[in-house]
Amino acid sequence: PFRPNTGRTGPSLPHRRRTLGCGAWRGDGGGPGWMDPVRIDKETFQRRLQKLRTVWTWPLDAIVIVTGKSADDAKEFKSSAMHWWLLGIEFPESVIGLLKSGKMVFFSSAKKVEHLRPLEGPEVVLMPRVAGTDEAQLRAFADALRGGREKATVGTLLKEKHTGPVADAVVQALPSLPGLHIVECKEELATLLANKEDVELELSRKSAVCAQLTLQTLLKKLEDIIDRDLRQSNKEVCDELEQELDREDVMNMWEEKHGIDRGEVEPVYVSLQSGNSFEIKPAIAPTEDQVPMHGTYLLSTGTKYSEYSACIARTLFVDPTPIQKAAYGVLLEVHELVVSSLRPNAVFRDVYLAARAKVQEKQPSLVDKFVKSVGFVTGLEFRDSLLIITEKCERKVMPGMVLCVSVGFAENAAPKWATWLADTVIVPLADGPCEVLTKSCTSKVDDVMYELDDGGGQPEPAAPPPPPAAPREPSKAASSRAPKPQEEKKPATKARPKGKAAATPERRAPEKASKRASASRAEEPRRSRHEEKPAPVNRGNIVERRTRGRNEQTKQDMSELARLEVQQLELRQRKLQELAERFSGGRSSRGGGDRSTGAKKLHECQAYASPADIPSVRQNRLELDAEAEALLVPIRGAVVPFHLSTIKNMARSTMDKTELLRVNFFTPGQGKGAEEFPQVGGRRLYLKELSFRSQAKDNLDAIIRGFKEVQKRARQREVEGEVKRSSTTQDQVLQLRKPCPTLRDLNMRPTFGNNARKTVGNLEAHGNGFRFSMGNGSAKVEIFYSQIQHVIYEPCESGSLIVLIHLHLKEAIMVGKRKTQDVQFYTEVAALTEDLSLKRAGAAHDPDEIMEEQREREMKERLNKIFLDFSKQVEGISTFPHSIDMPFKSLSFSGVPFKQVVTLSPCKSALVALQEWPPFCMSLSDVDIVVFERAIMTLREFDIVFVKKDYDQLPIRITTIPQTNLDRIKAWLGDIQAVWYACSMNMQWQMVMKEICKDTKGFVENGGWDQWFGGADDESESNEEGGEDDESDYKGSDASDDDDDDFAGDDGESDFSAEPDEDSSEADDDDEEGMSWDELEREAERSDRKREVEKRDGGGGRSQPPRKSQKR
1 PFRPNTGRTG PSLPHRRRTL GCGAWRGDGG GPGWMDPVRI DKETFQRRLQ KLRTVWTWPL
61 DAIVIVTGKS ADDAKEFKSS AMHWWLLGIE FPESVIGLLK SGKMVFFSSA KKVEHLRPLE
121 GPEVVLMPRV AGTDEAQLRA FADALRGGRE KATVGTLLKE KHTGPVADAV VQALPSLPGL
181 HIVECKEELA TLLANKEDVE LELSRKSAVC AQLTLQTLLK KLEDIIDRDL RQSNKEVCDE
241 LEQELDREDV MNMWEEKHGI DRGEVEPVYV SLQSGNSFEI KPAIAPTEDQ VPMHGTYLLS
301 TGTKYSEYSA CIARTLFVDP TPIQKAAYGV LLEVHELVVS SLRPNAVFRD VYLAARAKVQ
361 EKQPSLVDKF VKSVGFVTGL EFRDSLLIIT EKCERKVMPG MVLCVSVGFA ENAAPKWATW
421 LADTVIVPLA DGPCEVLTKS CTSKVDDVMY ELDDGGGQPE PAAPPPPPAA PREPSKAASS
481 RAPKPQEEKK PATKARPKGK AAATPERRAP EKASKRASAS RAEEPRRSRH EEKPAPVNRG
541 NIVERRTRGR NEQTKQDMSE LARLEVQQLE LRQRKLQELA ERFSGGRSSR GGGDRSTGAK
601 KLHECQAYAS PADIPSVRQN RLELDAEAEA LLVPIRGAVV PFHLSTIKNM ARSTMDKTEL
661 LRVNFFTPGQ GKGAEEFPQV GGRRLYLKEL SFRSQAKDNL DAIIRGFKEV QKRARQREVE
721 GEVKRSSTTQ DQVLQLRKPC PTLRDLNMRP TFGNNARKTV GNLEAHGNGF RFSMGNGSAK
781 VEIFYSQIQH VIYEPCESGS LIVLIHLHLK EAIMVGKRKT QDVQFYTEVA ALTEDLSLKR
841 AGAAHDPDEI MEEQREREMK ERLNKIFLDF SKQVEGISTF PHSIDMPFKS LSFSGVPFKQ
901 VVTLSPCKSA LVALQEWPPF CMSLSDVDIV VFERAIMTLR EFDIVFVKKD YDQLPIRITT
961 IPQTNLDRIK AWLGDIQAVW YACSMNMQWQ MVMKEICKDT KGFVENGGWD QWFGGADDES
1021 ESNEEGGEDD ESDYKGSDAS DDDDDDFAGD DGESDFSAEP DEDSSEADDD DEEGMSWDEL
1081 EREAERSDRK REVEKRDGGG GRSQPPRKSQ KR
């Protein structure tokens, strides 16, 4: 029954409960209590019913409040607000009758009436609705409203439109009921809800805290976008913020630091306006326009806490114009005037006129840009449409009112800009100033204005402030009397903040920005002679480019990056020594040696021991001997067998009513090596293809089906043989004497059968291994501790639906008929898929759905505890040799290791993504180096390649990682002492590893991985300066490494090539001009360190990878 909000609805927060201040609650005040029956706080209900009786001075005998079905829209109703105020919860499809005598009549379904049984008494009459008797019951309801009188004036909300059988019946029947005169009563209810109690005011303060925290987060996001010159739209920024507010850690921080109950918080809207579209009012949906790098930015947020609303709005300026600075100075004074004017009994109209008069006094040119309203009353309704501070509103300010004071200016002519300042305030119950609830978010000039366009260290001449009267041309005599020393001092005072920003070493303006700044300074004197100057502006209030706190943070980030760079130099030297020791004995990978799988060569395949064993077949007919795995072919009257291992595939086609069967064999270079074929007379013998014709297709189809079946069995047999040869088998699992740790009713991945949807059973931990057995005992899987490499427990948190224990094995095992190296045991907290055709139509705030979400939350907590206890019990087994790992969610990042985007989380010994199947689990001990590909700031995403210590294996690539995670991943790699490099393009790693494996000794002598990536930046600079003949040694490719053909050539060409782009130099120049000051600073420091390393090494005598001599 939760009422929808005004404007853009934020993320769903299902963990809700009712508190005493709201009049009703479920349970004992904790989140799980939401599953308990609805209870109404009788004391609060009687107190507010008594207040209604006290303030009832209206010419009404009764008030009728009708609610319909819950609607999933953004419209607010006073009828819903009255339910929350009186009962603490909204009852849909109900009718409440309030009498002047203090009596209440409640008409609804029998189930809803039962919730109000504790309130039943002389003052509360409950009327359960009986289907089919609405007319008779409504007459009885009308009799109760008249209270023994012949006629009664009944107020109701005539303009509200509700849906549902109860609402339709009441709305239609109410005017025709005998003795009732129906009138509008929205003004009376607005007055009742405007004056708030102490408990309601405290909830408004909590709501204001949430609004401030939301705005501060939005401000940090905006500053980061401007600082890093990111391309994001206003809507994308707001969507990211809404997702962040739904995170568990954010709500935990709010709860710990500010005492916020996460179950009571509900975002109403988040709005960011920038560019050329501004509208000064709450709940404006953000546009798809890109966030510009300078101008004005309107930030506004609204929240609810226990259904009580608060909002806040601020304006951020980047390189503001003089008129914008003057407008904001006036705006601060007007805002202060409005807040001080909100005293009890003050008329809304007078407050607005005083604000506009202030604008007329300070800056007449801004009057037509001033807003038409300077605030509104807020509370259970986000914005009361009857209580708005405008020029025409004659209502008075009441003690205990909560208002949103909102003032601003908007320029609709080009160039468009706007300034907006909004705060939530409380009118005091006694004499005194208003309490500004959102004052923690500063609105001072020094904190909202940023000067990014430095003057190159040269101060601008300060224009003299104009007189209060209309500006006019000064006389020559007056100008001659002006003291010259004053003119010399003015530039010095203005240069103070800009000079400091220009001297800051961490900000260096790019060339394009400098040109723009120079042009701006050159045009300033001309503009000053012709433009009309605005009101005087206090130049001392203009802030530097960044506040002191942000400068300190930037310095810390820069020092951290410098520390990582220095650490990498040491780690790379150690890695080179490690490579020299590893390859000192010649060609050997980590495991070195024989990597043969035991598969037979083609010339070793034998179908029959002798010609006598070949069965006889009918003349001119193909036969398939499945037992001998041979195709029997009649050739010139003889039967010639071909082992099926030599056949690549078969295909049937039809031509001129004749069926054709084509049998393709393996040939050298097409899936098989030349050494696998028999050799006679110094030559390799092989057959390429055979073709057969037939009038009927039945036998040919049977041959193809039989071939595929035999091929499938042979492949399965080969896989099982590999698993048996590689695995170290033990007799059986040693059962523990005492009750062993057990998890019941688990699902296992992979499943036993090919078509099985789920494999459900119990997991037991014994003396030397795990045993998973299905409930009926039909199948079981035993995994010994000696076979396990990693054991990972991942709890179910926000964004996931399963809790799991994952086993990553050293060697693959067979589960059913599948070969797998990962086995996972999990339990679903909620269904992973949902059939939308079976979903019941209803509102998003339906109580059944909210209870379901609460049950899901409780289930998560309970299952997490069960799996955690099981993990602790397993670690307590004396013979268990491992430590159970857990992912670090704070270091998680998104990427694509296979075909879909997953969330990857580092553990102590592995990098994993376990929620999706197939899982990703990479042991960090197997990683030799890490390479960041496409790691340039102009791109929004980059790739990571993990090169394994076994160089015979292809590196692992994870693609499409957001650029915002780069620094965090580097810091994590530094913590685990991993060596990383960066390059600006994708490498063809299959060719790279083959080139290295050809000559590992030369690879080490030439500097190891430094010869490939150590001078990548210098290489890119030389390529830009060189012509078309100087080509890069690297080839960028988006294709998979698996599709790369073997590189070879007799002409001695290199295996890495890239066609030069004629416009590459210009494109690089554009990218360089577009870099921010932080990026330029990092680039300069990186170049300085490289020069120092080259000088220390004696001029850079390392050999570089071979270049190709000509284009292919």
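The numbering of the sequence shown is full-length UniProt numbering, which starts it at 1 and goes up by one. All residues carry an ideal CB built from backbone N, CA and C; glycine is no exception.
Residue i - DSSP class collapsed to helix/strand/coil
i: Val874; result: helix
i: Ala492; result: Any reading at Ala492 must be qualified, since the residue scores a pLDDT of 36, below 50, and its modelled position is unreliable; the value itself is stated next. Helix.
i: Thr1000; result: helix
i: Lys396; result: strand
i: Pro11; result: Because Pro11 carries a pLDDT of 32, less than 50, the predicted location of this residue cannot be relied on, and no value is offered for it.
i: Gly375; result: strand
i: Tyr352; result: helix
i: Val803; result: strand
i: Arg228; result: helix
i: Phe1013; result: helix
i: Leu564; result: helix
i: Tyr328; result: helix
i: Ala812; result: strand
i: Lys817; result: coil
i: Val617; result: coil
CB contact flag (residue i, residue j, <7 Å)
i: Ala144; j: Ile312; result: no
i: residue 1124; j: Ser871; result: No information on residue 1124 is available, as it lies outside the stretch 1 to 1112 that the chain covers here.
i: Arg395; j: Leu387; result: yes
i: Glu160; j: Phe77; result: yes
i: Ile866; j: Glu875; result: no
i: Phe141; j: Leu126; result: no
i: Ile89; j: Ile65; result: no
i: Pro122; j: Ala110; result: no
i: Thr960; j: Glu933; result: no
i: Ala208; j: Thr442; result: no
i: Leu116; j: Ile63; result: no
i: Gln787; j: Leu809; result: yes
i: Tyr305; j: Glu361; result: no
Cβ distance (whole Å) where residue i is taken to contact residue j below 8 Å
i: Val374; j: Tyr352; result: 6 Å
i: Phe665; j: Tyr686; result: 7 Å
i: Asn747; j: Cys796; result: Not a contact, Cβ separation roughly 13 Å.
i: Phe409; j: Leu366; result: 6 Å
i: Glu718; j: Gln695; result: Not quite, the Cβ-Cβ distance comes to about 37 Å (not below 8 Å), so this is no contact.
i: His860; j: Val829; result: Correcting the residue identity first, residue 860 is Lys in this sequence and not His. Yes, they are in contact, since the Cβ atoms of Lys860 and Val829 sit about 5 Å apart, within 8 Å.
i: Arg270; j: Thr296; result: Rather than Arg, the amino acid found at residue 270 in this sequence is Val. With 8 Å as the limit, Val270 and Thr296 do not qualify as a contact, their Cβ atoms being about 18 Å apart.
i: Ala152; j: Gly179; result: 6 Å
i: Ala169; j: Glu93; result: So it is not a contact: roughly 10 Å between Cβ atoms.
Residue i Cβ short of 6 Å to the ligand COA heavy atom set
i: Phe382; result: You won't find the ligand COA in this model; it holds no ligand whatsoever.
Cβ of residue i within 7 Å of any chain D Cβ
i: Glu279; result: Among the chains in the structure shown there is no chain D, since it carries only a single protein chain.
Threshold first: 4 residues or longer. Then list the alpha helix (DSSP H) segments lying entirely within the UniProt domain "FACT complex subunit SPT16 middle" (622 to 772), N to C. Runs found: 698 to 726.
When you compare the stretch 330 to 340 with the stretch 231 to 247, are there three or more beta-carbon pairs, one atom per stretch, that lie closer than 8 Å? Here the stretch 330 to 340 makes no contact with the stretch 231 to 247; the two share fewer than three CB pairs at distances below 8 Å.
3-residue-minimum beta strand (DSSP E) runs that sit fully inside the stretch 262 to 309, ordered along the chain: As far as the stretch 262 to 309 is concerned, its whole beta strand (DSSP E) runs of at least 3 residues are 265 to 274 and 295 to 305.
Please confirm if the stretch 443 to 450 is in contact with the stretch 314 to 322, defined as three or more CB-CB distances below 8 Å between the two stretches. These segments touch.
Taking three-plus beta-carbon pairs below 8 Å as touching, is the stretch 174 to 186 in contact with the stretch 145 to 164? Taking 8 Å as the limit for Cβ pairs, the verdict is that the stretch 145 to 164 does touch the stretch 174 to 186.
Under 8 Å: do the stretch 936 to 947 and the stretch 956 to 966 share three or more Cβ pairs, one atom per stretch? With a cut-off of 8 Å, the stretch 956 to 966 and the stretch 936 to 947 count as touching, because enough Cβ pairs lie within range.
Ignoring anything shorter than 4 residues, give me the alpha helix (DSSP H) runs that lie fully in the stretch 125 to 155, in order along the chain. Those alpha helix (DSSP H) runs which fall completely within the stretch 125 to 155 and span 4+ residues are 134 to 146.
May I ask you to verify whether the stretch 909 to 916 touches the stretch 878 to 897, counting CB pairs closer than 8 Å and requiring at least 3? Enough Cβ pairs lie closer than 8 Å, so yes.
3-residue-minimum beta strand (DSSP E) runs that sit fully inside the stretch 847 to 918, ordered along the chain: Counting only runs that start and end inside the stretch 847 to 918, the beta strand (DSSP E) elements of at least 3 residues fall at 893 to 895, 902 to 906 and 910 to 913.
Do the stretch 565 to 575 and the stretch 964 to 980 touch if we need at least three Cβ pairs shorter than 8 Å? The stretch 565 to 575 makes contact with the stretch 964 to 980, as at least three CB pairs between them are under 8 Å.
If you pair each beta-carbon of the stretch 405 to 419 with each one of the stretch 216 to 225, do three or more pairs fall below 8 Å? Result no; under three Cβ-Cβ pairs closer than 8 Å.
Only counting runs of 4 or more residues, tell me where the alpha helix (DSSP H) segments fall wholly within the stretch 182 to 244, in order along the chain. Qualifying alpha helix (DSSP H) stretches, in chain order: 186 to 194 and 198 to 228.
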